[in-house]
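Visitor: Mind looking over this structure? Questions follow.
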Amino acid sequence: SQKIEQNSEALNIQEGKTATLTCNYTNYSPAYLQWYRQDPGRGPVFLLLIRENEKEKRKERLKVTFDTTLKQSLFHITASQPADSATYLCAPSLGATNKLIFGTGTLLAVQP
Amino acid sequence: DAGVIQSPRHEVTEMGQEVTLRCKPISGHDYLFWYRQTMMRGLELLIYFNNNVPIDDSGMPEDRFSAKMPNASFSTLKIQPSEPRDSAVYFCASTLWGRNYGYTFGSGTRLTVV
């Protein structure tokens with residue numbers, strides 16, 4: 008069955024540094040992959056979408072890469088701020104459908 | 359737009375009771391999804407609709423769960439009878455296919471079955 012793995016442990020970094028979160032998937036080939044942010048008690052909020060034919064996507068301080076050979080996506084936050092502290096969820100699509108399979112998320116804590 | 363609206367925000371019920379969760383998607387969106395989130399299993403897709411028609415309900419755990427979308431602006435998820443293991447946060451999300459953006463989630467309904 009499809010499996011998605013994200014850093015299971017919390018990621019603690021210092022303000023101003025670059026945070027890098029990893030998402031690995033197995034047993035399927037997504038046509039695109041999305042990243043979401045989730046704060047406690049709130050629903051996930053969409054951040055970025057990257058398609059299988061794109062290597063990299065940027066939005067302000069965020070950068071996502073997608074390596075279909077390695078079956079991996081990396082999510083980077085540059086110049087991190089305490090306000091970036093949240094859980095980040097990776098969500099590859101099930102093939103070319105509109106169905107997303109979510110990872111369990113990585114908790115990022117940015118220390119001032 | 360007020361976003362995806364879910365009600366109630368919190369629901370506490372006794373085992374065996376019927377529970378109905380409600381969702382109003384963003385106007386104009388053609389897909390609606392119901393997810394369940396727990397610490398152990400993360401976000402699980404239960405069912406999704408396209409233009410009010412159920413497309414995939416393979417994630418619905420048991421016959422006790424049912425979902426409807428009678429029109430483009432309203433959907434319900436019903437659990438009957440409820441059990442303690444149904445306790446979770448239930449999210450509704452909507453999206454417009456073909457656009458380069460993702461799902462918009464509601465704030466969720468935290469269900470506790472005692």
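Protein chains in written order, with my numbering: chain P, 8 to 119; chain D, 359 to 472. We treat Cβ as the ideally placed atom computed from N, Cα and C, and that holds for glycine.
Let me check understanding here. Comparing Cα to Cα, which of P:T111, P:V117, P:N14 lies closest to M398 (chain D)?
Guide: Considering only alpha carbons, the answer is P:T111.
Visitor: So if DSSP puts W455 (chain D) in a beta bridge, which residue, or which two residues, is it bridged to?
Guide: For W455 (chain D), which the question treats as bridged, DSSP gives no partner whatsoever.
Visitor: By the DSSP assignment, the beta strand (DSSP E) with L107 (chain P) in it spans what residues?
Guide: It is not in any beta strand (DSSP E) - L107 (chain P) carries neither H nor E in the DSSP assignment.
Visitor: What span of residues does the beta strand (DSSP E) with K64 (chain P) cover, start to end?
Guide: Where K64 (chain P) is concerned, the enclosing beta strand (DSSP E) stretches over 63–66.
Visitor: With DSSP as the reference, label R49 (chain P) as helix, strand or coil.
Guide: Coil, per DSSP.
Visitor: Can you list the residues of chain P that D414 (chain D) reaches, using a CB-CB cut of under 8 Å?
Guide: Ordered by position in chain P, the residues that pass the 8 Å Cβ test against D414 (chain D) are K106.
Visitor: Could you tell me whether any Cβ in chain P is nearer than 8 Å to the Cβ of F407 (chain D)?
Guide: F407 (chain D) does not count as touching chain P.
Visitor: Consult DSSP for P412 (chain D) and reduce its assignment to one of helix, strand or coil.
Guide: Looking at P412 (chain D) - three-state DSSP - the assignment turns out to be strand.
Visitor: In three-state terms, what does DSSP make of R422 (chain D)?
Guide: Correct three-state label for R422 (chain D): coil.
Visitor: Enumerate in chain order the residues of its own chain whose CB-to-CB distance from S433 (chain D) is below 6 Å, with the five nearest sequence positions on each side excluded.
Guide: Closer than 6 Å at the Cβ level, and outside the excluded window around S433 (chain D), lie C381, L390, M427.
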